[in-house]
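K.L.:
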Amino acid sequence: MKKRGKILFWGSAFLLLLNFASTIYLNITVPNPEWDWSRIDTSKVSFPDKFLWGAATSAYQIEGGLYNNNWYLWERTPQRFGVPRIARDEKCGLAANHYELYKEDVKLMAEFGLNAYRFSIEWSRIEPREGEFDQKAIEHYRDLIRRLKAAKIEPMITLHHFTDPIWFVDLGGWEKEQNLAYWMRYARRMFQEFQSEVTYWSTFNEFNLVPVSGWLEGGFPPGKTDFHLFATVSKHMLMGHVQTYLEFKKLSRTKKHQVGAILAILEARPYNRWFILDWLAAYYEERIWMQAMIEFFATGRYHVKLPFRDSFTYTDTDGIRAMDFFGINYYTRTAVVFNFFSPTFYYRIQLPGFPKTDMGWAIYPEGLYFAVKRYASLGVPIIITESGVADATDTIRARFIQQHLYVLSEILRAGYDVRGFYYWSLLDNFEWLEGFEKRFGLFEVDYKTFKRTLREGSKEYQKIIRQFPGRGGS
Ligand code: BGC
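When the letters of the sequence shown are read in order and numbered with our numbering, they come out as residues 236 to 709.
#1: Can you check whether the C-beta of glutamate 367 is within less than 8 Å of a C-beta belonging to chain D?
#2: Alpha carbon to alpha carbon, how far is lysine 698 from glycine 348? Give it in angstroms, no decimals.
#3: My output table needs one value for tyrosine 599: the three-state DSSP class, helix, strand or coil.
#4: Report yes or no: do the region 421 to 432 and the region 322 to 334 share at least 3 C-beta pairs separated by less than 8 Å?
#5: For the beta strand (DSSP E) that contains lysine 540, what are its first and last residues?
#6: Quick one: what's alanine 570 bridged to in DSSP?
#7: When the Cα atoms are used, what is the spatial distance from glutamate 389 to aspartate 553?
#8: Which of the three DSSP states, helix, strand or coil, is assigned to serine 247?
#9: Pick helix, strand or coil for tyrosine 518, following the three-state DSSP scheme.
#10: Let's test the definition: count the other Cβ atoms within 10 Å of the Cβ of tyrosine 302 and tell me whether it reaches 16, buried, or not, exposed.
#11: In the structure shown, what three-state DSSP assignment does tryptophan 524 receive?
#12: In the region 587 to 648, which residue ranges form an unbroken alpha helix (DSSP H) of at least 4 residues, counting only runs that do not cross its ends?
#13: Could you tell me the alpha carbon to alpha carbon distance between lysine 683 and phenylalanine 665, rounded to whole angstroms?
#14: Give me the Cα-Cα distance between glutamate 672 and tyrosine 610, rounded to the nearest whole angstrom.
#15: Identify, in the order they occur along the chain, each residue of the same chain with its Cβ nearer than 6 Å to the Cβ of threonine 438, setting aside the five sequence neighbours on each side.
#16: Can you tell me which of the three DSSP states leucine 677 falls into?
#17: Please classify alanine 372: does DSSP put it in a helix, a strand, or coil?
#18: The beta strand (DSSP E) that contains threonine 398, what's its start and end?
#19: Is serine 293 near the ligand BGC - that is, is its Cβ less than 7 Å away from at least one heavy atom of it?
#20: Under the DSSP definition of a beta bridge, which residues are partnered with glutamine 493?
#21: Assuming alanine 625 and threonine 592 are in contact, meaning their beta carbons sit under 8 Å apart, how far apart are those beta carbons, in whole angstroms?
#22: Going straight from the alpha carbon of arginine 711 to that of tyrosine 376, what length do you get?
#23: Under 8 Å, do asparagine 414 and phenylalanine 403 count as touching if we go by C-beta distance?
#24: Please report the residue range of the beta strand (DSSP E) in which isoleucine 563 lies.
#25: With burial defined as no fewer than 16 other Cβ atoms inside 10 Å of the residue's Cβ, what is the status of arginine 315: buried or exposed?
#26: Does the Cβ of histidine 333 lie closer than 7 Å to at least one heavy atom of the ligand BGC?
#27: Evaluate tryptophan 524 with the Cβ neighbour count: other Cβ atoms within 10 Å of its Cβ, from every protein chain shown; 16 or more gives buried, anything less gives exposed.
#28: Within the same chain, show all residues whose beta-carbon is closer than 8 Å to that of leucine 677, passing over the 5 residues directly before and after it, in chain order.
#29: Below 7 Å, is the gap between the Cβ of tryptophan 659 and the nearest heavy atom of the ligand BGC?
Quick look at the structure:
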């Protein structure tokens, strides 16, 4: 008994010491830097002559009338005990009715002063049934593109922004490698249709977030929590990206097309900086969330692991720098807590001690600087393809914009090759699991009348664009 007590005592002392020594080392080598915003004059900015000043949207979130994809079904598939998937059991329905009102929306963009616009094409609209392409839908997007060009707004197409046609899901969707052929047929067709008018293309929006949310954490469709499937879907999306990139390079008549990879950048820090297991959890979380994919583009090797549970590796050297630009979607930074009982060993929470947006996300503008610094090593130009704030009362939007554009200006001053900034979002929209309550728009949308009203806070963005009007990209 006495001996056991001794072992227990010295064992615990050793573990405590180990925890202490390792966290001291990590606290020194991996700081969580904060800028002192009270001392920063955010009006001291400068931007190049040629810069993409944009706003971003996605089809499902604004177009309306999309009843043929996985999200339409997801809204109608309650969780256990009948709990709805979407806040207040909202349905996307007509969203911001942009499919009808797109001509007016292009006018709003032009009046605002944007020279760039990023939007997604809805696959389920273009190809409502397998192999049947809807020419009317194609002409709709052609008209949108032509109007943008006529208004001197550079279009950027996103081929996939979270939604899949129902027929594709029924065939096994992203879980099956052979289904990449369907994706490639759609992607190729879009490039053939629009390559003469559109220079900027992106394949998948946030193809790190999609597998994590859909197949590991289960909040997005298909709601699975299976590490192996998550990694398999990640692999297929990486393959889909690389194949699309190589194919577009081959098909490009002008060789001027810019094909990018867009990821959600969410750096993770341990919630308790003096607990080694929180550090380990943050390390694995960040790898699973984004770092493994970024490494794939640097080395051709994708490797994810949950210690003692599972691991997955995929290698393809064609993946190395398979992009003309790296798209950063940046909103916040998170904290990670170790949890032995969670299937992933961790859960994410918001960084304590920072002001929060309506999404509950910590406002950490300097994180954009650190992200660009970190990912500049990929060796390709960077575009900030999304950054924005949910702020229904419009009380923090102006400051949010000032701070983020100040950070952007500092990034450029430091010499990083960043080509543009797209505010999320042009309009209020359907915020996935959160429904309509979260208001990201430069323009407020009245969901009864669909009237658009420019928000006061958005004028900060307009002010900077007027001061440094830039030119689009091509
Ligand atoms: C997505 C958008 C979304 C935004 C705010 C991004 O991750 O691309 O579709 O609305 O974040 O949550």
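Heads up, the beta-carbon is just placed ideally off N, CA and C, and yes, glycines get one too.
P.N.:
Straight from the coordinates:
#1: Absent from the structure is chain D; it holds one protein chain and no more.
#2: 9 Å
#3: coil
#4: no
#5: 536 to 541
#6: Arg504, Ile584
#7: 29 Å
#8: helix
#9: helix
#10: exposed
#11: helix
#12: 601 to 610, 632 to 648
#13: 14 Å
#14: 33 Å
#15: Leu394, His476, Thr479
#16: coil
#17: helix
#18: That residue, threonine 398, is in no beta strand (DSSP E); it is neither H nor E in DSSP.
#19: yes
#20: Tyr435
#21: 5 Å
#22: No answer is possible for residue 711: it lies beyond the span of the chain, which begins at 236 and ends at 709.
#23: yes
#24: 560 to 565
#25: exposed
#26: no
#27: buried
#28: Ala290, Phe347, Tyr658, Ser660, Leu661, Leu662, Leu689, Arg690, Ser693, Tyr696
#29: yes
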